[in-house]
Amino acid sequence: MTPLAHDAKERDIDHRVRDQGSWWICEVEIPPGASTVEFVFSDANGFYDNNSGKDYHCPVDVENLPREHRISARIKAETERRRDAIEKCAKRAGKRAARHAEMRATALVRASEGAALMRVHTVPYQGKAGGEMTIVYRAEGGPLGDAQNIFCEGSWNRWNHGASFGPSVMQRGDTPGTLELTVNVPADAHVMDFKFLNEDVASPQTRYDSNNGADYHAPVTGGSGAAPKLNVVHIAVEMAPICKVGGMGDVVTALARATQEDGHNVEVIVPHYDCMLFDAVDGYHRAGSCVHHDVQVDVFKGWVEDVPVTLLRPKNGHFDVGCIYGRHDDHVRFGFFTEAALTWMRSKNKEVDIIHAHDWQTAPATWGNYPNAATALTLHNLQFGVDLIRRGMESCDIATTVSPTYADEVRSHHAVAPSQDKFVGIRNGIDTDIWNPSADEFLPLVYDSSNAIAGKAAAAAELCRRLGIQHPEGAPIVGVVSRLTAQKGIHLIKHACHRALERGATFVLLGSAPDPAHQHEFNALADEMKRKYPGRSCFMFKYDEPLSHLIYAGCDFLLVPSMFEPCGLTQMIAMRYGTVPVVRRTGGLRDTVFDVENDGERSAMTGVPLNGFVFDGTETPDIDYALNRALDAFYDRPRWQSLNLVERTLNLDWSWFEPAKRYEDLYWASLRHKRGR
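Everything in the sequence shown is counted per the numbering used here, starting at 511 for the first residue and increasing by one.
Dropping the structure here:
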């Protein structure tokens, strides 16, 4: 407890007993102009109830006050709310910035350690302004693998620097199979930009290795002046947690925050739904209005997860309908919103470098012709709005989807194929603040790589205790966290449950089936396993956030046998907790899980270590191939220890740090192309 402020007045309180319990009552006079009463309680002996240091607050009914007092009170209250929101966001942003700096340093160390295995790297990995950097290139396996000579050209500060180099012919490097070029770094450089080509004078026949249009970049420290910044605006219909239905909302918030933490100016514009989670909007306030198609659009602002957000509420009631999706006029509602967002931006002469649209709902932003802005379109779901996606693909400067392999899988889709040259897959990240075994409030013992064995053992014991199941010594726990749909491979999940229990494992499933027929099948499976293997399995047909954390930490293996998976998050979350994934080779699962026996070459090319067990195909023998190898390895304790998969997976970085960098590279490349530089 803390004492009252020195200028606060103490009041005696009457004690009254009512049917509902014991109450204490005090009457106070409210001065003119007050909008809020702040108070705490005391026993007059030095002990206080101050709402855990936050004090108690009660709004004042200002309608009976004189008009000038009402106006003054509202202005004061609004100013205080906005100031508190800004201070709160600044504190959180400072903490995130510290974590970001630590993450960046760790990423640089890991990247420099694995640089020699990559096709393109620099020595040193991070250059110093005023010094030298050597570009090292391995042509084999790339688009210039058969070129007789290879040249390199580049510049600095996202190609905005006055100085440039090349095209210069690259010389044979010290390492067999490599070529090198050494360049001087200007004193005001912050990043080096470069690409490779097969001739020194560009022509229509020139072939390039430009990192799929994003160019290659190397960090530089110590440069004078300010590093270049982007002004990015996301126009979307979902943003977690205020208006989230699917994965799009998570991506919008996480990508915006990661880009902002890297020093850029970012804003998200979403509809002002009447059903959104307003409590998660810090500093919510009205910021003005605009008129679009003769409809007044009220504009509100605030911060969500410390990212500036703008909320548009048209007077036509498009977003006062109690839902985000599901109406027959969704295309009309979202089309109006997208155009209104551009109208609002134009009314404020907002300087924008990148307008980032998401899925069919805001694809029209890509053909809105906003002055000097390049446009990006991310595809999260190709099942709906195909015509709008096709037109958005044609109009945008860059198009992305949520993993490289998924991009390859949908590249022939009729909405994508005509524009596939500008289509790139970038894997999503996970929120490493939420999914963090070293600071997870839902675990009995937090852990990192230094005490992972003890931490996972404690989680396993608590998991089994909570679910009322057994965990025989030396037996693995196999888990599933998934929606139970055909896309998620439910026929393989059911088979894997049988196989895991037959081989002595404990089996845990968390999820539910939207289709009653599928749910009935899993209810029957749960009953069968309970009879056949009493005490060794548990099926929880609901979503339970604390329990999901325990499953990710307490299991030894996590099954993800999806038929298709654009990105997938559960396999990355599992690895974050040192749990080994067993997955089908598709979409983002292929990009994140590398089989310990079969993916050595691919691992060396990408720099991602071998970290799990993978299968192809869609039949039960296919998943047996991966699951049996995983269980064999676990039961062979010397081999399991030599694989060191727990520590190896635990140390992998699945945050938004690298994906956000990739997006930034594409942003800069598209802006350069848009503005003819």
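Yeah, the Cβ is synthetic: ideal placement off N, Cα and C, and Gly gets one too.
Among all the DSSP beta bridges, which residues are the ones paired with residue i?
i, result
"Thr872", "Looking at the DSSP assignment, Thr872 forms no beta bridge with any residue, so it has no partner."
"Met702", "Trp666, Ala728"
"His631", "Val646"
"Lys638", "Thr731"
"Arg1147", "According to DSSP, which records beta bridges pairwise, Arg1147 is partnered with nothing at all."
"Asn1138", "Paired residues: none, contrary to the question."
"Ile864", "Val742, Ala884"
"Leu1153", "In the DSSP output, where bridge partners are listed per residue, Leu1153 has none listed."
"Asn694", "Glu642"
"Tyr558", "Ser552"
"Met749", "Cys753"
"Leu689", "Tyr647, Arg682"
"Thr546", "Pro569"
"Arg1094", "Phe1125"
"Tyr718", "Leu707"
"Val991", "Leu1020"
"Phe661", "Val679, Leu707"
"Asp1105", "Gly1122"
Using 8 Å for Cβ pairs, my map puts residue i next to residue j. What's the rounded Cβ distance?
i, j, result
"Asn882", "Arg1185", "7 Å"
"Met491", "Ala728", "The chain is shown only over 511 to 1187; residue 491 falls outside these bounds and no answer can be derived."
"Val762", "His868", "6 Å"
"Met643", "Ile660", "No, Met643 and Ile660 are not in contact; Cβ-Cβ is about 18 Å, not under 8 Å."
"Leu740", "Tyr1177", "6 Å"
"Asn1121", "Thr1089", "Contact flag wrong, Cβ pair sits at about 11 Å."
"Ala925", "Arg900", "4 Å"
"Met628", "Gly935", "With a Cβ gap of about 19 Å, Met628 and Gly935 do not count as contacting."
"Ile1061", "Leu973", "6 Å"
"Arg1086", "Val1124", "Not quite, the Cβ-Cβ distance comes to about 19 Å (not below 8 Å), so this is no contact."
"Ile865", "Val778", "Not really, about 12 Å apart at Cβ, beyond 8 Å."
"Gly757", "Ala1179", "The Cβ separation is near 25 Å, so there is no contact."
"Ala657", "Leu689", "Wrong, their Cβ atoms sit about 10 Å apart, outside the cutoff."
"Asn670", "Pro738", "6 Å"
"Ala886", "Ile908", "5 Å"
"Pro653", "Asp710", "Their Cβ separation, rounded to whole angstroms, is 17 Å, which puts Pro653 and Asp710 out of contact at 8 Å."
"Asp784", "Asp830", "5 Å"
"Met749", "Val819", "7 Å"
"His567", "Glu537", "Their Cβ separation, rounded to whole angstroms, is 18 Å, which puts His567 and Glu537 out of contact at 8 Å."
"Pro986", "Ala1015", "5 Å"
"Leu892", "Val920", "6 Å"
At what residues does the alpha helix (DSSP H) containing residue i begin and finish?
i, result
"Phe846", "840-857"
"His923", "Note, His923: premise wrong, no alpha helix (DSSP H); not H, not E."
"Gly965", "962-977"
"Ile1083", "1080-1086"
"Phe1167", "1167-1184"
"Ser1113", "1110-1116"
Considering just the uninterrupted stretch of the beta strand (DSSP E) at residue i, what are its terminal residues?
i, result
"Phe1125", "1123-1125"
"Ser674", "674-679"
"His744", "741-745"
"His567", "566-569"
"Gly935", "933-935"
Under 9 Å, Cβ to Cβ, is there at least one residue of chain B near residue i?
i, result
"Gly641", "In summary, chain B is missing from the structure at hand, where a single protein chain is found."
*Quick one: complete beta strand (DSSP E) runs, 3+ long, within the stretch 1024-1074?*
Taken in chain order, the whole beta strand (DSSP E) runs of length 3 or more contained in the stretch 1024-1074 are 1047-1050, 1067-1070.
*For the stretch 1023-1036 against the stretch 1104-1121, are there 3 or more C-beta pairs whose distance is under 8 Å?*
Touching, no, given that fewer than three Cβ pairs across the two stretches are closer than 8 Å.
*Which runs of the beta strand (DSSP E) spanning at least 3 residues fall entirely within the stretch 996-1020, listed in chain order?*
The beta strand (DSSP E) runs lying completely inside the stretch 996-1020 and spanning 3 residues or more are 1016-1020, given in chain order.
*Using 8 Å as the Cβ pair cut-off and three pairs as the minimum, do the stretch 800-813 and the stretch 821-840 touch?*
Note that the stretch 800-813 touches the stretch 821-840; at least 3 beta-carbon pairs, one per stretch, sit closer than 8 Å.
*Just list the beta strand (DSSP E) runs in the stretch 770-850, keeping only unbroken ones of 3 residues or longer that don't cross its boundaries, in chain order.*
The qualifying runs are 775-781, 792-802, 805-814, 817-824.
*asked:* Taking contact to mean 3 or more Cβ pairs, one atom from each stretch, closer than 8 Å, check whether the stretch 653-667 and the stretch 691-708 are in contact.
replied: Result yes; three or more Cβ-Cβ pairs closer than 8 Å.
*Note down, one range per segment and in chain order, each beta strand (DSSP E) of at least 3 residues found wholly within the stretch 873-911.*
Every unbroken stretch of the beta strand (DSSP E) spanning 3 or more residues and falling wholly within the stretch 873-911 is given here in chain order: 884-889, 908-911.
*Validate contact between the stretch 835-852 and the stretch 810-819 using beta carbons, cut 8 Å, 3 pairs*: Too few Cβ pairs lie closer than 8 Å, so no.
*So does the stretch 1094-1106 actually touch the stretch 1011-1025, counting three or more Cβ pairs closer than 8 Å?*
The stretch 1094-1106 vs the stretch 1011-1025: no contact.
*Count the C-beta pairs between the stretch 1135-1150 and the stretch 1005-1018 that are closer than 8 Å, then say yes if the count reaches three, no if not.*
A contact exists between the stretch 1135-1150 and the stretch 1005-1018.
_Taking 8 Å as the cut-off, does the stretch 959-969 touch the stretch 1042-1055 (at least 3 CB pairs, one atom from each stretch)?_
The stretch 1042-1055, when compared against the stretch 959-969, does not touch it at the 8 Å Cβ threshold.
*Inspect the CB distances between the stretch 1152-1169 and the stretch 847-867 and report whether three or more fall short of 8 Å.*
With contact defined as three or more Cβ pairs closer than 8 Å, the stretch 1152-1169 and the stretch 847-867 are not in contact.
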